[in-house]
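Working notes for the structure below.
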Amino acid sequence: MTGIRPRFWTREPGEPAGPGRYRCGLCFRRCLIPVGGRGYCGVRGAEAGALVSPYLGLFSSRAVDPVEKKPLRHWRPGSRIFSLGGLGCTMGCPFCQNHALARPRGRPPLLAVSPEELRDQVRELRLNSVAYTYNEPTVMAEYILAAAPVLKEAGIATVLVSNGQFSAELLNELLPWTAAANIDLKTFDPANYAALGGSLETARANIQKMLAAGIHLELTTLVVPGLSDDPDQFAALVDWVAAQSPDLPLHISRYFPAFRYQAPPTDLELLRRFGRLARTRLRQVHLGNC
Numbered sequence: 036m037t038g039i040r041p042r043f044w045t046r047e048p049g050e051p052a053g054p055g056r057y058r059c060g061l062c063f064r065r066c067l068i069p070v071g072g073r074g075y076c077g078v079r080g081a082e083a084g085a086l087v088s089p090y091l092g093l094f095s096s097r098a099v100d101p102v103e104k105k106p107l108r109h110w111r112p113g114s115r116i117f118s119l120g121g122l123g124c125t126m127g128c129p130f131c132q133n134h135a136l137a138r139p140r141g142r143p144p145l146l147a148v149s150p151e152e153l154r155d156q157v158r159e160l161r162l163n164s165v166a167y168t169y170n171e172p173t174v175m176a177e178y179i180l181a182a183a184p185v186l187k188e189a190g191i192a193t194v195l196v197s198n199g200q201f202s203a204e205l206l207n208e209l210l211p212w213t214a215a216a217n218i219d220l221k222t223f224d225p226a227n228y229a230a231l232g233g234s235l236e237t238a239r240a241n242i243q244k245m246l247a248a249g250i251h252l253e254l255t256t257l258v259v260p261g262l263s264d265d266p267d268q269f270a271a272l273v274d275w276v277a278a279q280s281p282d283l284p285l286h287i288s289r290y291f292p293a294f295r296y297q298a299p300p301t302d303l304e305l306l307r308r309f310g311r312l313a314r315t316r317l318r319q320v321h322l323g324n325c
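Position one of the sequence shown corresponds to residue 36 (our numbering), numbered consecutively onward.
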């Protein structure tokens with residue numbers, strides 16, 4: 036174990052004497068968790084006296100990937116990146132490709148890695164960047180923030196592959212340490228975003244803050260039949276992205292059936308049509324999973 040403890044939480048004020056409840060501050064949802072319960076992410080819980088996160092510093096997946104797989108096409112292209120994944124997620128997409136990590140049944144084998152051990156492993160592989168990916172990385176926020184200065188001192192960059200649903204206070208702490216990120220912009224329909232367990236407003240606000248902070252940012256939209264395949268909504272998404280910057284890269288990815296969602300794969304012609312539409316407003320558009 037790394038000894039890192041959760042700190043993005045408060046005890047709910049006004050509680051009578053007793054075990055009380057605890058307000059998590061990691062994501063926009065701000066779960067109010069009773070003792071013995073867990074938050075929406077499934078990996079933050081409450082015990083008498085504190086909010087706990089038993090998987091901080093414990094990882095389910097490690098790999099060395101091409102940076103383009105994150106996907107990041109315009110940040111250190113051609114390089115390789117050390118990738119780490121844990122457990123849990125702040126959204127609940129029914130088509131999740133990594134649901135075994137995002138919504139695990141039971142506890143997969145986990146490996147404890149301290150920030151110093153992570154630094155040494157990355158150095159040994161002669162790499163210069165670490166991506167927190169596979170599941171939602173911000174459920175590991177305190178670990179990321181503890182590891183980031185250790186990595187930076189060794190010349191190793193921190194990268195996030197995230198759904199962008201983090202709270203404002205968490206983002207403010209992450210900004211100085213994050214070199215690059217890919218954010219999933221799931222859809223441009225607020226109701227469909229809510230159905231996936233997320234907030235379009237939060238995603239948009241956090242994307243804007245990351246751009247303003249000078250983080251290298253790329254966006255991904257998965258075109259899911261019945262959820263994010265409406266041409267008018269997609270056009271609105273492209274307009275909004277272009278209003279942030281026509282140079283902001285957009286990855287348009289093909290969906291395949293997974294987890295609890297069994298609609299047919301995204302029609303390839305629709306994906307290409309969306310790509311052509313996006314290229315009328317954006318300079319860097321990439322089709323994925325084709």
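For every residue, glycine included, the Cβ atom is placed at its ideal position computed from N, Cα and C.
Three-state class that DSSP yields for Ala248 in the structure shown
One-based indexing of the sequence shown puts residue 248 at position 213. Residue state, collapsed to three classes: coil.
With 16 as the cutoff for other CB atoms within 10 Å, does Asp274 come out buried or exposed?
Counting from 1 along the sequence shown, the entry for residue 274 is found at position 239. Its Cβ having fewer than 16 others within 10 Å, Asp274 is exposed.
Kindly identify the DSSP beta-bridge partner or partners of Tyr296.
Taking the sequence shown and counting its residues from 1, the one referred to as residue 296 is at position 261. Bridge partners of Tyr296: Ala293.
Answer yes or no: do Asn241 and Leu206 have a C-beta to C-beta separation smaller than 8 angstroms?
The residue given as residue 241 occupies position 206 in the sequence shown. The residue given as residue 206 occupies position 171 in the sequence shown. In this structure, Leu206 lies closer than 8 angstroms to Asn241 by Cβ.
Just to confirm the assignment, what range does the alpha helix (DSSP H) spanning Ile352 have?
Because the chain is modelled from 36 through 325, residue 352 falls outside the range shown and cannot be assessed.
Among the candidates Ser164, Glu177, Leu145 and Arg307, whose CA atom is the shortest distance from the CA of Leu257?
Counted from its first residue, the sequence shown places residue 257 at position 222. Comparing alpha carbon positions, the residue from Ser164, Glu177, Leu145 and Arg307 closest to Leu257 is Arg307.
Candidates Asn217, Ala226 and Ser149: which alpha carbon is nearest Ile250's?
Your numbering for residue 250 matches position 215 in the sequence shown. With distances taken between Cα atoms, Ile250 lies closest to Asn217.
Nearest residue (CA-CA) to Ile116, options Pro299, Trp110, Asp155 and Leu162:
Here residue 116 refers to the residue found at position 81 of the sequence shown. Residue Leu162 is the option with its Cα nearest to Ile116.
In or out: Ala238 buried (at least 16 other Cβ within 10 Å) or exposed?
Stepping through the sequence shown from its first residue, residue 238 is reached at position 203. By the neighbour-count rule (16 or more Cβ atoms within 10 Å), Ala238 is buried.
Is Val99 buried or exposed, if buried means 16 or more other CB atoms sit within 10 Å of its CB?
As a working mapping, residue 99 is identified with position 64 in the sequence shown. Under this definition Val99 is an exposed residue.
Check for me: the beta strand (DSSP E) holding Ala100 runs from which residue to which?
The count along the sequence shown starts at 1 and reaches residue 100 at position 65. The sequence as given places Asp at residue 100; Ala does not occur at that position. Its beta strand (DSSP E) spans residues Ser96 to Pro101.
Once the 5 residues before and after Ile191 are set aside, which same chain residues still bring their CB inside 8 angstroms of it?
Locating residue 191 in the sequence shown gives position 156, where the first residue counts as 1. Here the set comprises Arg154, Val157, Arg158, Leu162, Asn163, Ser164 and Val165.
Cβ neighbours of Cys128 in the same chain (closer than 6 angstroms, five flanking residues each side left out)
The count along the sequence shown starts at 1 and reaches residue 128 at position 93. Leu231, listed in sequence order.
According to DSSP, is Val320 part of a helix, a strand, or is it coil?
The residue labelled residue 320 in the question sits at position 285 within the sequence shown. Looking at Val320 - three-state DSSP - the assignment turns out to be strand.
Nearest to Tyr290 by CA position, among Asp264, Ser280 and Gln279, is which residue?
As a first step, residue 290 is located in the sequence shown; it is residue number 255 there, counting from the start. For the residues Asp264, Ser280 and Gln279, the minimum Cα distance to Tyr290 belongs to Asp264.
Is His109 helix, strand or coil when you go by DSSP?
Numbered from 1 along the sequence shown, position 74 holds the residue referred to as residue 109. Residue state, collapsed to three classes: coil.
For Asn217, name the three-state secondary structure that DSSP assigns.
Locating residue 217 in the sequence shown gives position 182, counting from the first residue. It is a strand residue.
Go to Glu82, then tell me how far its beta strand (DSSP E) extends in each direction, as first and last residue.
As a position in the sequence shown, residue 82 is number 47, starting the count at 1. Membership of Glu82 in the beta strand (DSSP E) is indicated by the continuous run Gly80 to Glu82.
By how many angstroms is the C-alpha of Tyr57 removed from the C-alpha of Gly177?
On the sequence shown, position 142 is the one that residue 177 refers to. On the sequence shown, position 22 is the one that residue 57 refers to. Rather than Gly, the amino acid found at residue 177 in this sequence is Glu. Cα to Cα, Glu177 sits roughly 17 angstroms from Tyr57.
Looking at C-alpha atoms only, which residue of Pro41, Ala81 and Ser118 is the closest neighbour of Ser96?
The count along the sequence shown starts at 1 and reaches residue 96 at position 61. When only C-alpha atoms are compared, the closest one is Ser118.
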